[in-house]
Structure formats: C-alpha cells, structure tokens
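Input: a single structure, listed below in structure tokens.
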Amino acid sequence: MDSGLRVYVDGGNRLTKVMQELKKPFSFPTVISQAEVDLNYGLNFDLNLWDMDDSPERINADAMLVEIIREGQSLGKKLVGQAAEEKGLLIRDRNRYVKKAGDEVIAFSMLTGIAYNLYKYNHDDQDLDITVNQPLIEYAIDRKASIAKYEANLKGNFRVLFYNIYNTSEVISTISFRIRKIVFCPEAIAAFYSYAIDEYGKIKEECRDDKKTIVWDIGSGQINVAAFEGIKVIGVNTFEKGMMDCYEKISLMIYNNYRNELNRKPFTYEIDNMVRYHQNILKAKKGIGIDTNEIVKDVFDTFAYELSKDIREFAKAKSFSHSNDIIFCGGGSAILFENLEEYLGSDFVCSKSNMGEFNNVIGSMYYRMYKDNLEKDEE
Numbered sequence: 001m002d003s004g005l006r007v008y009v010d011g012g013n014r015l016t017k018v019m020q021e022l023k024k025p026f027s028f029p030t031v032i033s034q035a036e037v038d039l040n041y042g043l044n045f046d047l048n049l050w051d052m053d054d055s056p057e058r059i060n061a062d063a064m065l066v067e068i069i070r071e072g073q074s075l076g077k078k079l080v081g082q083a084a085e086e087k088g089l090l091i092r093d094r095n096r097y098v099k100k101a102g103d104e105v106i107a108f109s110m111l112t113g114i115a116y117n118l119y120k121y122n123h124d125d126q127d128l129d130i131t132v133n134q135p136l137i138e139y140a141i142d143r144k145a146s147i148a149k150y151e152a153n154l155k156g157n158f159r160v161l162f163y164n165i166y167n168t169s170e171v172i173s174t175i176s177f178r179i180r181k182i183v184f185c186p187e188a189i190a191a192f193y194s195y196a197i198d199e200y201g202k203i204k205e206e207c208r209d210d211k212k213t214i215v216w217d218i219g220s221g222q223i224n225v226a227a228f229e230g231i232k233v234i235g236v237n238t239f240e241k242g243m244m245d246c247y248e249k250i251s252l253m254i255y256n257n258y259r260n261e262l263n264r265k266p267f268t269y270e271i272d273n274m275v276r277y278h279q280n281i282l283k284a285k286k287g288i289g290i291d292t293n294e295i296v297k298d299v300f301d302t303f304a305y306e307l308s309k310d311i312r313e314f315a316k317a318k319s320f321s322h323s324n325d326i327i328f329c330g331g332g333s334a335i336l337f338e339n340l341e342e343y344l345g346s347d348f349v350c351s352k353s354n355m356g357e358f359n360n361v362i363g364s365m366y367y368r369m370y371k372d373n374l375e376k377d378e379e
C-alpha cells in the first residue's frame, strides 16, 4: 500500500480540478446540476445525451455514475462527466452567497475527481495528503470556521463505486482512499505561486526583491485579487461578481431582442455553453441559429471596462504604478483578456495565464513545494 500521496484540488463553481504531484493536470469531472432547478440527480436521465458505447470496458470520463461512501454511509449516487459542459449542464452558480466550505455538491465533486484520478493512475487503498484552494473571502472572514467545514466534509475513510450508466446496478470499479491531512492555500494567492516558485520549490530571483505583482483570478461567480511585494502578500480582496453576471445580462438582451424566436429567456448555463463551444450562435425554435456576437462583444467589453476601473482603484490603493505586473488567470481571463489589456495596457504590464483555470491548483502544488523547503531550512 502506498501512503501519503499528495493530491491538489480546486473546488470552483463550474468545475473541480484535481492533479497529483506529477505537475500535469488530471482530467476532471463535472457534477451535473441544471441551473434554476433544485439538485435532484436521480437515475432517470436521458441516455441519448451521452454518445457512448453501451458496453464500457472501463470508466469513461465523459459520463460516470458515482456513489461515494464515507465512513460506511452513502453520500448518494450521482451522474457526473465532462460531457455535462457540452450539453449545457453545469454546477449552477449557487455558491456566491453560500460558503463553499460547507457545500455538499462541491465536496462531492472534489471527492469524485480524486477518486477518478486515483483509478486512472491505478492508485487504490491510499492515504492522501490533499491541498485545497480555499476561497479568499472565506479565508479573510473566518479562516478557522471555513477550514473546520472543509475538514468535516473531506476528512475520513472513503470508498467510491463507479457504475455502468446503462445498467445502474452493475459496479464497474471501486476505489478506496483515506484523507488524513488537508492543507489550505487561498485562491489568487495560490495562483501567484505558479509564477513565483521554481520547479525546486525555491523563490525565483525576480521575486526576491520588492517587485510588485497583482493577480486577478476571474471566476464564474467571484473575482479574487491578491497583491504582492516580492513574495509577501500586501493586500487581498474579493468582488462578488463574475462571468455569470455577463451571461445573465446576455441572456436578458437576447430574449428582449429575439423574443419571437425564443419561448423563454435562456438560462445562464446555455449562454456559457454558447460562448465556449458554439461561436456565440444560439439555437432557437426550429433549429434557427441566432448570431449573438455583437451582444456578447458589447457585454464583455462593458464588463471589462468596469472591471478595469476596479483594477486601477485597487492598484492605486496598493501604490502600484507604471511597469508593475498584473497577471490575469481563471476561466474568465481567457474571455476578457483582450478587452482588459486594451484598457490597462498603457499603464501596466498585463499578462494572461497560459494555464487559465488551472492556475490555482498548480499554484497550490508550488506552494507545498515552497513550504517543504522552508521546513527543511528550519531543521
């Protein structure tokens, strides 16, 4: 039996990202939940949604039926899979005002991601040391209470069963693991470590002095920001807005402009799906495709302009000036970066993460490497 395997987990509203200390992100599942509908996973799902072989030989990441048993008690049987994104089913944006630490859906998603990746890399019966990206606002408001909730949901002995979605009584595989230790690294702060720490866990030379950097983590429901002088944190903030605000506005404008072609206002998850996968073309009645590019462009541009004012105000408060670095990460950065650079590029050195939404989880790995080095130096 292996022991002490390190796993890194980012529990966001849209996705849960999971990786091991191989410096390569694992695949990650999505817990299915339809926006505006109470969570009800059931087993009466439409198999036509899932373009799969009906006799799977192994677990398919695109569609999995999972049951998690914690300390002998089942947490339920839920359908998960990457195909949820493409079919327009997402974890709905339900955690903006509900603390993520106590959220059962996000906890289930984290545990499923861990279990799937243990299966994928043939690791069974493991003792795990996991690092979790703690939401910045929870860290700032009540760090101890947030940590206690995470530990209550995630620590313990787990057995995870993977079922055949075409025969929901047939278990394809099982994975067991024990989460013994949880380390926390706040969002946005974690992202910074992916830039400031080298592959040996040492501070990069350019970050040893008083170089100033701001990291903006643009998520679906929140935007987190952290400012640094060298490696020292000198300011953090959380903005209760994100990409879902753009999607809601786009949804309303499309409905107002194309009411005759639509029988209802599109859900935010449909807009997210349209933007990410269908070149801003929304399918309406009788297969009609509505070109929403102008609406999407205007909404994103307006959002970026308003956000740029927040960025300037935060930078001014932390005495940032010309030539200081601003790093954008998170899923929203890939969508908004060109607009943000247009409004900020004359005053700041703007850069976009090439990892996008993986920055926090990869950054948490470098954070642990950095902490390990500190502990070695103290010995």
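The numbering used here puts the first residue of the sequence shown at 1, with every later residue one more than the last. Idealized CB from N, CA, C, for every residue including glycine. Note that the structure is a prediction, hence the values are computed from the model and not measured.
Roughly how many angstroms lie between the CA atoms of Met365 and Gln222, to the nearest whole one? Stepping through the sequence shown from its first residue, residue 365 is reached at position 365. Stepping through the sequence shown from its first residue, residue 222 is reached at position 222. Their Cα atoms are separated by approximately 22 Å.
When burial is assigned at 16 or more other CB atoms within 10 Å of the CB, is Arg259 buried or exposed? Sequence index remark: in the sequence shown, residue 259 carries index 259 (1-based). Burial call: exposed.
Do Asn280 and Val296 have their C-beta atoms closer together than 8 Å? Along the sequence shown, read from residue 1 onward, the residue named residue 280 stands at position 280. Along the sequence shown, read from residue 1 onward, the residue named residue 296 stands at position 296. It is a contact, given that the beta carbons lie within the stated cut-off.
Quick one: grab the DSSP three-state call for Arg208. Taking the sequence shown and counting its residues from 1, the one referred to as residue 208 is at position 208. In this structure, Arg208 counts as coil in the three-state DSSP scheme.
Would you call the segment 174-184 and the segment 151-166 in contact, with 3 or more CB pairs under 8 Å? yes
Beta-carbon proximity list for Asn373, same chain, < 7 Å, skipping 5 on both sides: Residue mapping note: residue 373 aligns to position 373 of the sequence shown, counting from 1. Gly201, Lys202.
Can you tell me where the beta strand (DSSP E) holding Asn157 begins and where it ends? The residue labelled residue 157 in the question sits at position 157 within the sequence shown. Per DSSP, Asn157 belongs to the beta strand (DSSP E) from 156-164.
How far does the alpha helix (DSSP H) with Lys420 in it extend, from its first residue to its last? Here the chain covers residues 1 to 379 and nothing more, so residue 420 does not appear.
Return helix, strand or coil for Thr302, following the three-state DSSP convention. For the purposes of this step, residue 302 is taken as the residue at position 302 of the sequence shown. If DSSP states are grouped into helix, strand and coil, Thr302 belongs with the helices.
Terminal residues of the continuous alpha helix (DSSP H) containing Gly170? Locating residue 170 in the sequence shown gives position 170, where the first residue counts as 1. At residue 170 the sequence reads Glu, which differs from the Gly that was named. Here Glu170 belongs to no alpha helix (DSSP H); instead the beta strand (DSSP E) covers 167-186.
Whole-number beta carbon distance between Ile137 and Thr16, since they are thought to touch under 8 Å: By one-based count along the sequence shown, residue 16 stands at place 16. By one-based count along the sequence shown, residue 137 stands at place 137. Rounded, the Cβ-Cβ distance is 19 Å, inconsistent with contact.
Along the chain, where does the alpha helix (DSSP H) that runs through Asn256 open and close? As a first step, residue 256 is located in the sequence shown; it is residue number 256 there, counting from the start. Per DSSP, Asn256 belongs to the alpha helix (DSSP H) from 243-257.
Measuring only the C-alpha atoms, how far is Val18 from Leu111? In the sequence shown, the residue the question calls residue 18 occupies position 18. In the sequence shown, the residue the question calls residue 111 occupies position 111. Distance between the alpha carbons of Val18 and Leu111 is about 9 Å.
Return helix, strand or coil for Thr292, following the three-state DSSP convention. Translated into the one-based positions of the sequence shown, residue 292 becomes position 292. Residue state, collapsed to three classes: coil.
Can you tell me whether DSSP reads Lys286 as helix, strand or coil? Start at 1 with the first residue of the sequence shown, and residue 286 comes out as number 286. Helix.
Among Gly102, Glu104, Ile69, the one whose alpha carbon lies nearest that of Ala406: Nothing about residue 406 can be reported from this structure: the residues present for the chain run from 1 to 379 only.
Quick check: what's the CA-CA separation for Leu128 versus Asn153? As a working note, residue 128 is residue 128 in the sequence shown. As a working note, residue 153 is residue 153 in the sequence shown. One C-alpha to the other measures close to 15 Å.
Quick check on DSSP: helix, strand or coil for Val37? The residue given as residue 37 occupies position 37 in the sequence shown. With a pLDDT of only 46 at Val37, under the threshold of 50, the placement of this residue in the model should not be trusted; the figure read from the coordinates follows. In this structure, Val37 counts as coil in the three-state DSSP scheme.
Just to confirm my understanding: we take Tyr134, look at its own chain, exclude 5 residues before and 5 after, and list those with CB closer than 8 Å. What are they? Indexing the sequence shown from 1 puts residue 134 at position 134. For the record, residue 134 in the displayed sequence is Gln; it is not Tyr. Correct list, in chain order: Ala101, Arg143, Ser146, Ile147, Tyr150, Phe184, Cys185, Pro186, Glu187.
Reduced DSSP secondary structure (H/G/I, E/B, other) of Ser27: For this step, residue 27 is matched to residue 27 along the sequence shown. In the structure shown, Ser27 sits in coil (DSSP, three-state: anything other than H, G, I, E or B).
Give a yes or no on contact between the segment 344-361 and the segment 245-255, applying the rule of three or more CB pairs nearer than 8 Å. no
Here's the rule: buried if 16 or more other CB atoms are within 10 angstroms of the residue's CB, otherwise exposed. What is Lys376? Residue 376 sits at position 376 when you count from the first residue of the sequence shown. The residue is exposed, with fewer than 16 neighbouring Cβ atoms inside 10 Å.
Kindly indicate which residue of Cys329, Met369, Tyr343 has the alpha-carbon position closest to the one of Ser351. Taking the sequence shown and counting its residues from 1, one reaches residue 351 at position 351. Among Cys329, Met369, Tyr343, the Cα nearest to that of Ser351 belongs to Cys329.
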